[in-house]
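Number of protein chains: 2
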Amino acid sequence: MVTTNSREAILAAATRIAQAHGYDGMNFRDLAADVGIKAASIYHHFPSKAELGAAVAKRYWEDSAAALEKISNESSDPLEALRRYPETFRWALQNDNRICLCSFMAAEFDDLPDPVKREVLIFADVNVAWLDKLISAAKLAPPGESERRARAIFAAVSGAQLMARSRADVSLYDALIDVYRTTGLLPA
Amino acid sequence: MVTTNSREAILAAATRIAQAHGYDGMNFRDLAADVGIKAASIYHHFPSKAELGAAVAKRYWEDSAAALEKISNESSDPLEALRRYPETFRWALQNDNRICLCSFMAAEFDDLPDPVKREVLIFADVNVAWLDKLISAAKLAPPGESERRARAIFAAVSGAQLMARSRADVSLYDALIDVYRTTGLLPA
DNA sequence: GGCTATCTAACGATCGTTAGGTTGATTGGA
DNA sequence: TCCAATCAACCTAACGATCGTTAGATAGCC
Chain A
7 MVTTNSREAI LAAATRIAQA HGYDGMNFRD LAADVGIKAA SIYHHFPSKA
57 ELGAAVAKRY WEDSAAALEK ISNESSDPLE ALRRYPETFR WALQNDNRIC
107 LCSFMAAEFD DLPDPVKREV LIFADVNVAW LDKLISAAKL APPGESERRA
157 RAIFAAVSGA QLMARSRADV SLYDALIDVY RTTGLLPA
Chain B
7 MVTTNSREAI LAAATRIAQA HGYDGMNFRD LAADVGIKAA SIYHHFPSKA
57 ELGAAVAKRY WEDSAAALEK ISNESSDPLE ALRRYPETFR WALQNDNRIC
107 LCSFMAAEFD DLPDPVKREV LIFADVNVAW LDKLISAAKL APPGESERRA
157 RAIFAAVSGA QLMARSRADV SLYDALIDVY RTTGLLPA
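Residue numbers (my numbering), protein chains in the order written: chain A, 7 to 194; chain B, 7 to 194.
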């Protein structure tokens, strides 16, 4: 049976755990129990925790890139796409109060194995590149300043997610995003 | 001799470690080695890791509150004080690429002992209260919206610090703050 | 008979924590 | 004044839990 792919199940469970407890909090025994196997069996699919962590982070930014692409395709114009950007960070909060995997790992960053570090940085790059492209298209920022603006939006939205999580309050996230809009950081 | 107060030395070293590796990464053996004593000796000054962590976080927001008070007192008007706010988060970045203790702990939040959680939340409250007061005084936001604005500034600045840290680049922090200013989130 | 996917069992490291001992300064009473 | 008791501050040594990881066995499938 190909439908019950253990590798995929491990990846999915590991992502959920990492979003709630970080790379450090992602231990093989609990992870395996989540999947319904034993810890040692994970090594049949991933050679080490570092490689699993890198695979998780890689899959995470790939999925994020796809979600962003979906938003741009669904939107009639770049401004509408930009307005929908905060959605991508809102989802995790609403589901078990999790946060962006890479906000977590940005905190743990110095203690992360190198392969994981690489993928975490790519996540930020993917977000900034998408924002940059749409900010340019929407002429939201002066020419040559769209990348700076993109980075600021990414940082601010990450911070909002982090703050809302520590209060376990999605509506706080919405309120913060709302202020970003009224002050002009995000399009209204 | 009262000058070499071990309790204070432990508190200072623990703060530095927590800012670099989080609550989880703050282990008694390394911490004790930093201070120049053995791990067991820490228990003479703090009853448990949870209590030490709470003491660290408490001292941290107390110091932050004092630093903010100093800024308001030194500033000729509330707008100038608000302009200086990002300084308080910049300092840690420039010294060993550390981040705000409480950004770190906001990520780890769910796995924190309750006494630590309490102090971490107070840190955010202290910052928001200070910002709220000065935003009102400076009439930066419409009446009744200064607290919302205060929270947004706190979240955005935290996010900027987190992002700059993962690139180990203080100038990225400066650039992000600069965008917050030109877009109007922070006073220009 | 190999191959895939899983298991049990254990290793060594690290962690928070505890028990109990040592030292040196302080202090109160004869 | 001197001695005994006290106490703070530190130590060594270890316990038990948890962790990533490995060796080796087992069961089903092609």
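Positions of the beta carbon are idealized from the N, C-alpha and C atoms, including for glycine.
Rounded C-alpha distance that separates residue i from residue j
i	j	result
B/Thr-196	B/Ala-174	What is shown of chain B runs 7 to 194, which leaves residue 196 of chain B out entirely.
B/Asn-133	A/Ser-172	15 Å
A/Ala-45	B/Glu-75	52 Å
B/Ser-54	A/Lys-145	55 Å
B/Ala-72	A/Glu-14	50 Å
B/Ala-170	B/Asn-103	9 Å
B/Ala-39	B/Glu-57	19 Å
B/Arg-124	A/Pro-119	31 Å
A/Arg-35	A/Asp-131	32 Å
A/Ser-70	A/Ile-77	11 Å
B/Leu-37	A/His-27	23 Å
B/Arg-155	A/Asp-117	34 Å
A/Val-8	A/Ser-47	Bear in mind that a pLDDT of 40 at A/Val-8, under 50, signals an unreliable position, so the model cannot answer this.
A/Ala-98	B/Lys-139	32 Å
A/Tyr-186	A/Asn-79	24 Å
A/Val-126	B/Ile-105	18 Å
A/Thr-188	A/Arg-65	34 Å
A/Ser-82	B/Ser-82	48 Å
B/Ala-194	A/Ala-194	20 Å
Sub-8 Å separation of residue i and residue j beta-carbons
i	j	result
B/Leu-192	A/Arg-157	no
B/Tyr-29	B/Val-122	yes
A/Phe-160	A/Leu-137	yes
B/Ala-19	A/Leu-168	no
B/Ala-61	B/Phe-52	yes
B/Trp-67	B/Ile-16	no
B/Met-32	B/Ile-23	yes
A/Tyr-179	A/Arg-96	yes
B/Ala-135	B/Ile-141	no
B/Pro-92	B/Val-163	yes
A/Gly-190	B/Gly-190	yes
Pick from the options that is closest to residue i, judged by C-alpha positions
i	options	result
A/Gly-165	A/Ser-109, A/Arg-155, A/Asp-138	A/Ser-109
A/Gln-25	A/Ser-82, A/Leu-107, A/Leu-127	A/Leu-107
B/Thr-21	B/Asp-184, B/Gly-59, B/Asp-36, B/Ala-45	B/Gly-59
A/Asp-184	B/Glu-153, B/Ile-105, B/Ala-194	B/Glu-153
A/Glu-86	A/Arg-104, A/Asp-102, A/Ala-143	A/Ala-143
A/Val-41	A/Ala-130, A/Arg-65, A/Asn-11	A/Asn-11
B/Ser-177	B/Ala-130, B/Asp-131, B/Gln-100	B/Gln-100
Range covered by the alpha helix (DSSP H) that runs through residue i
i	result
A/Pro-121	120-144
A/Glu-153	152-172
B/Glu-57	55-80
A/Tyr-179	176-189
B/Arg-22	12-27
B/Phe-34	34-41
B/Leu-99	93-100
B/Arg-104	Segment: none, B/Arg-104 is in no alpha helix (DSSP H) and carries neither H nor E.
B/Glu-86	84-90
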